[in-house]
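Residue numbers (full-length UniProt numbering), protein chains in the order written: chain A, 1 to 204; chain B, 1 to 204.
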DNA sequence: CTAACCTTGGACACTGCTGTCCAATACTCT
DNA sequence: AGAGTATTGGACAGCAGTGTCCAAGGTTAG
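This is the structure in structure tokens:
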């Protein structure tokens, strides 16, 4: 299954043959047909499986931080750094990243898959960011008029930067810089710092 | 040619047949073969053509703002708003957007195309942003220690927001909101405002 | 008008992929 | 060990797409 996902991601649905999958896998082509009957069905099963795995990882990650609630000092920057770290972790998780790429290339022809992604993955992430930001605003640590917009900016900053540094190679100027965890961390932290500075004193 | 680009973008290279292209086009399949001889050659020609068009548009856009040089008041926010507007214009230009999507899906198998994009499109954009930021820093309007990082953040904020609002549909929570020029403009301006607030007083 | 050239559509060989069938083999469970 | 089940590889039909060929029209220029 991971092999299938990998091939679909790297070569696209149309260009991936069942022979490719079979040879990259401990099972034979015939067995694949026995199980799924169809290339299309296999494809959906692959997506489904990995989407569910992503969802579980997401929920597991969502449960963790709630354990240390609002009692601790409202240091906006450090809290947002935590949030940003979680965001990048989700974003860069190999499974999630592959799934994202696959949906991006093959999604337009699978609208219900996009819908699933939106409601089950993007939705929770957004609402978590929004709720954290409003909480920090109510606590007086930030001053945010439009939490949705601020959340959008936060997400764009953090994930965009993570994307740039890792998969970046594709479009950005400094050619593939060799993924460096430390470098990524400081870059993300710098984004959070920018965000906090921008939303600390003055209003929109 | 536009039709071919469109089909390649929407269906991917492998899934697009020459019959598709021929029927979407005023010429016949045979004529396509007479001109290009090969599907692969056609593909490269398509990319090449549109990449050159993108380059021309880019240079045309790059020439314009240089005409009003550094004499005018150093109002960081308005100048960066101009820059951001140009960035989004380039980013959302239909030709450029299609090309970007195509390179993203089909790029890994065409490394030299990626190289071209990097050096001829991404490179100039980055260096322009960097030079503007350093200029504003020297003029005392901003305080930026690491212009490359700041440029990265600026680009991520602006283009990421533009992407979210337009093509977004794909991944983000609020489903396709119907592209609204005004809405986009205020969102981008809000990003610039955030950036300026973040880089105005303090350092990092 | 005529000659050279280009386009068109239809036919076609060839290739590679999907999906099926089957007989041989390996595995599992009791 | 033995019955039932799953897996394997090989062969194969059907299909779709690429690239070629060609003969019939169209177009352009002298």
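C-beta atoms are modelled at their ideal positions from N, C-alpha and C, and glycine is treated no differently.
All figures in this text were calculated on a predicted structure; none of them were measured in a lab.
Q: Let me know the beta strand (DSSP E) ranges lying completely inside the segment 72 to 156 of chain B, each 3 residues or longer, listed in chain order.
A: none
(Q) Within 8 Å of any Cβ in chain A, is that where the Cβ of residue 15 (chain B) sits? (A) yes
Q: Report yes or no: is there a C-beta of chain B within less than 8 Å of the C-beta of residue 152 (chain A)?
A: yes
Q: Note down, one range per segment and in chain order, each alpha helix (DSSP H) of at least 4 residues found wholly within the UniProt domain "HTH tetR-type" (1 to 54) of chain A.
A: 2 to 11, 18 to 23 and 29 to 36
Q.
To the nearest angstrom, how far is the alpha carbon of residue 15 (chain B) from that of residue 15 (chain A)?
A. 8 Å
(Q) What does the alpha-carbon distance come out to for the pair residue 130 (chain A) and residue 119 (chain B)? (A) 38 Å
(Q) Is residue 20 (chain A) close to chain B? Criterion is C-beta to C-beta, closer than 8 Å. (A) no
Q. If residue 198 (chain B) sits next to residue 198 (chain A), beta carbons under 8 Å apart, how far is it from one beta carbon to the other, in whole angstroms?
A. 4 Å
**Q.** Short CB-CB distance (under 8 Å) between residue 181 (chain A) and chain B
**A.** no
Q: Under the assumption that residue 151 (chain B) contacts residue 133 (chain B) (Cβ atoms under 8 Å), give the Cβ distance between them as a whole number of angstroms.
A: 6 Å
Q) Which residue from A:185, A:191, A:61 and A:167 puts its Cα closest to that of residue 128 (chain A)? A) A:61
Q) Residues of chain A with a CB under 8 Å from the CB of residue 161 (chain B): which are they? A) 152, 153 and 156
Q | Which of helix, strand or coil DSSP assigns to residue 180 (chain B) | A | coil
Q | Cα-Cα separation between residue 34 (chain B) and residue 19 (chain B), rounded to whole angstroms | A | 15 Å
Q) Taking buried to mean at least 16 other C-beta atoms within 10 Å of its own C-beta, is residue 27 (chain A) buried or exposed? A) exposed
Q) Using the rule of at least 16 other Cβ atoms within 10 Å of the residue's Cβ for burial, across every protein chain shown, is residue 86 (chain A) buried or exposed? A) buried
**Q.** Closest Cα partner of residue 163 (chain A) within the set A:30, A:52 and A:89
**A.** A:89
Q | Proximity test, Cβ basis, 8 Å: residue 79 (chain A) and chain B | A | no
(Q) Beta-carbon within less than 7 Å of residue 9 (chain B)'s beta-carbon, same chain only, minus the 5 sequence neighbours each way: which residues are those? (A) 98, 101 and 102
(Q) Taking 8 Å as the threshold (C-beta atoms), are residue 24 (chain B) and residue 3 (chain B) in contact? (A) yes
(Q) With a threshold of 8 Å between beta carbons, is residue 194 (chain A) in contact with chain B? (A) yes
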